[in-house]
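Trainee: Before anything else, here's the structure in question.
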Amino acid sequence: MKITDIKPYPIWVGHRNQHIVKVETDEGIYGWGESGLSSRELAVVGAVKHYREFLIGRDPMQIGGLWQEMYRSQYFEGGRALTGAISAIDIALHDIVGKALNVPVYQLLGGKLRDAVPCFATTGAATVEQLIENAQLLLDNGWNVIRTNVLYRAKPGDAENTFEPRESISLAAEWLTALREAIGSEPVLGIDYHHRLSVAEAASFCQRMPSGTLDFLEEPIRDETPEAYESLRTMVDVPFAIGEEFSSKWQFLPYLERGITNFARLDVCNVGGLTESMKVAGLAEAHYIDLMPHNPLGPICTAATVHLAAAVTNFAWLEIRTSPTESSGHYDEDLFPVQHKLEGASIPVPDGPGLGVEVNEELVTSQTFKFAEPPHLRRRDGSHTNW
Numbered sequence: 562m563k564i565t566d567i568k569p570y571p572i573w574v575g576h577r578n579q580h581i582v583k584v585e586t587d588e589g590i591y592g593w594g595e596s597g598l599s600s601r602e603l604a605v606v607g608a609v610k611h612y613r614e615f616l617i618g619r620d621p622m623q624i625g626g627l628w629q630e631m632y633r634s635q636y637f638e639g640g641r642a643l644t645g646a647i648s649a650i651d652i653a654l655h656d657i658v659g660k661a662l663n664v665p666v667y668q669l670l671g672g673k674l675r676d677a678v679p680c681f682a683t684t685g686a687a688t689v690e691q692l693i694e695n696a697q698l699l700l701d702n703g704w705n706v707i708r709t710n711v712l713y714r715a716k717p718g719d720a721e722n723t724f725e726p727r728e729s730i731s732l733a734a735e736w737l738t739a740l741r742e743a744i745g746s747e748p749v750l751g752i753d754y755h756h757r758l759s760v761a762e763a764a765s766f767c768q769r770m771p772s773g774t775l776d777f778l779e780e781p782i783r784d785e786t787p788e789a790y791e792s793l794r795t796m797v798d799v800p801f802a803i804g805e806e807f808s809s810k811w812q813f814l815p816y817l818e819r820g821i822t823n824f825a826r827l828d829v830c831n832v833g834g835l836t837e838s839m840k841v842a843g844l845a846e847a848h849y850i851d852l853m854p855h856n857p858l859g860p861i862c863t864a865a866t867v868h869l870a871a872a873v874t875n876f877a878w879l880e881i882r883t884s885p886t887e888s889s890g891h892y893d894e895d896l897f898p899v900q901h902k903l904e905g906a907s908i909p910v911p912d913g914p915g916l917g918v919e920v921n922e923e924l925v926t927s928q929t930f931k932f933a934e935p936p937h938l939r940r941r942d943g944s945h946t947n948w
């Protein structure tokens, strides 16, 4: 069997782009993959096209060797655009091999360790009353792991893209304390701060709440400097969930070896696909750290992560963007007529060949790429801050 084509499709799904990739073979077996690096999809498209040039004619069964060749075949190895492309191709190759052998992808990763993959839900709110109401709705529907978004309330006269970190942490600490009191101690509660804080702001935020309010704090600061996280670690007792932006096992290494993170927010579509994800999972297991995968994209990313979750022992919860409090539109059933579905607050591990996702390619090819930008946040003094 030989690879005959690799087709990148950056398409608009719901309210954002998804970059899906199809790998075709001369035996009619094809595979689907997906890349991360949201809002910079065209950079990844270019990388996929470069890799296509030397992958045509190659054996798709040689997944590990092709991964090494893609990673090592240029002087400038690594980086998110390149590993985003590698991720999509690697996932598609796993889909092909699973279909060729008539086995689910998790069988290629060592076999199934669980029958269902537990998920966590995300909710935000405009008021503390609404936050408590949303959390109770999730609990009533069987969701016992709840993540809140960045909590912020603009002031009259603020521009739409205004964000003041100190005002946000004051509000969030107050609301989350009230939320914990309302829902009790049993549910798992966390917040994603989307790296919008400094070390001092993140420490101040945690110190404003009673110990035990939060079970995890996700991405409070940027990740470029592990030492900054180590400094923050000395000031707070809340477990950290870090890693959704990491593009290799090497980027994860200091966070795992030095005990900086407590949950590995691995993104299979950013880190290098299933091949690299299994290596990160092994490193995390050696340090007693569970995976808590990042999954904001669509059905292909979800499927790949479900197979990963099925095959590793150290797994906590999977992010999913469909729940009673959130429906992102990323799982369009016209575009993805076959996809993994939630049953309650978990996704059953599939038993069909490959990933278990099908794409309406005719509809995909009728789509056009749309440029999209995340918010460019500013403080009231006009300076830029993180989104």
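The numbering used here puts the first residue of the sequence shown at 562, with every later residue one more than the last. Built from N, CA and C at the ideal position, the CB exists for glycine as well.
Indicate whether the contact test is met: 3 or more Cβ pairs, each with one atom in the stretch 604-622 and one in the stretch 863-878, closer than 8 Å.
Mentor: No, the stretch 604-622 is not in contact with the stretch 863-878.
Trainee: Can you grab the Cα-Cα spacing for the pair Thr555 / Arg882, in whole Å?
Mentor: Because the chain here runs from 562 to 948, residue 555 falls outside it and cannot be looked at.
Trainee: Could you please give me the residues that DSSP links to Ser907 through a beta bridge?
Mentor: Here residue 907 corresponds to residue number 346 of the sequence shown, with the count starting at 1. Answer by DSSP bridge pairing, in chain order: Pro679, Glu904.
Trainee: In terms of alpha-carbon separation, which member of Arg783, Ser944, Arg940, His901 lies closest to Asp719?
Mentor: Residue mapping note: residue 719 aligns to position 158 of the sequence shown, counting from 1. Taking only the C-alpha atoms, the option nearest Asp719 is Arg940.
Trainee: Who does Thr883 pair with in a DSSP beta bridge?
Mentor: Sequence index remark: in the sequence shown, residue 883 carries index 322 (1-based). DSSP output for Thr883 lists Ser888 as bridge partner(s).
Trainee: On the DSSP letters alone, give me the boundaries of the beta strand (DSSP E) that Gln691 sits inside.
Mentor: Numbered from its first residue, the sequence shown carries residue 691 at position 130. Where Gln691 is concerned, there is no enclosing beta strand (DSSP E), although the alpha helix (DSSP H) it sits in stretches over 689-701.
Trainee: With burial defined as no fewer than 16 other Cβ atoms inside 10 Å of the residue's Cβ, what is the status of Ala687: buried or exposed?
Mentor: Numbered from 1 along the sequence shown, position 126 holds the residue referred to as residue 687. Exposed is the call here.
Trainee: Quick one: grab the DSSP three-state call for Ser596.
Mentor: Taking the first residue of the sequence shown as 1, we reach residue 596 at position 35. Strand, per DSSP.
Trainee: Note down, in chain order, each residue of its chain lying with its Cβ closer than 6 Å to the Cβ of Asp893, except the 5 sequence neighbours on either side.
Mentor: One-based indexing of the sequence shown puts residue 893 at position 332. Only Val574 meet the Cβ criterion.
Trainee: For Met796, does the count of other Cβ atoms within 10 angstroms reach 16, so buried, or fall short, so exposed?
Mentor: Taking the sequence shown and counting its residues from 1, one reaches residue 796 at position 235. Exposed, by the Cβ-count rule.
Trainee: Three or more beta-carbon pairs under 8 Å between the stretch 885-905 and the stretch 582-589, yes or no?
Mentor: As far as the Cβ criterion goes, the stretch 885-905 does not touch the stretch 582-589, which means the pair count is below three.
Trainee: Cβ of Asn722 within 7 Å of Cβ of Pro936?
Mentor: In the sequence shown, residue 722 corresponds to position 161, counting from 1. In the sequence shown, residue 936 corresponds to position 375, counting from 1. In contact: Asn722 and Pro936 (Cβ atoms closer than 7 Å).
Trainee: Let me know the beta strand (DSSP E) ranges lying completely inside the stretch 726-773, each 3 residues or longer, listed in chain order.
Mentor: The qualifying runs are 749-753.
Trainee: Please confirm whether Val960 and Thr866 have their CB atoms less than 7 Å apart.
Mentor: Only positions 562 to 948 of the chain appear in the structure, and residue 960 is not among them; the question remains open.
Trainee: Ordered along the chain, which non-local residues of its own chain (more than five positions away) have a Cβ less than 7 Å from that of Tyr643?
Mentor: For the purposes of this step, residue 643 is taken as the residue at position 82 of the sequence shown. Sequence check: residue 643 is Leu here, not Tyr. Only Ala608 meet the Cβ criterion.
Trainee: What ranges does the beta strand (DSSP E) occupy inside the stretch 770-855, keeping only unbroken runs of at least 3 residues that lie completely in it?
Mentor: 777-779, 801-803, all fully within the stretch 770-855.
Trainee: Under DSSP, the alpha helix (DSSP H) around Asp651 begins and ends at which residues?
Mentor: Here residue 651 refers to the residue found at position 90 of the sequence shown. 641-662 is the extent of the alpha helix (DSSP H) around Asp651.
Trainee: Going along the chain, which residues of its own chain have a beta-carbon closer than 6 Å to the beta-carbon of Ile693, five neighbours each way excluded?
Mentor: Within the sequence shown, numbered from 1, the residue matching residue 693 stands at position 132. Counting only Cβ-Cβ distances below 6 Å, and skipping sequence neighbours, we find Leu740, Ala743.
Trainee: In this structure, what does DSSP give as the bridge partners for Asn530?
Mentor: This structure leaves residue 530 out entirely; the chain is present only between 562 and 948.
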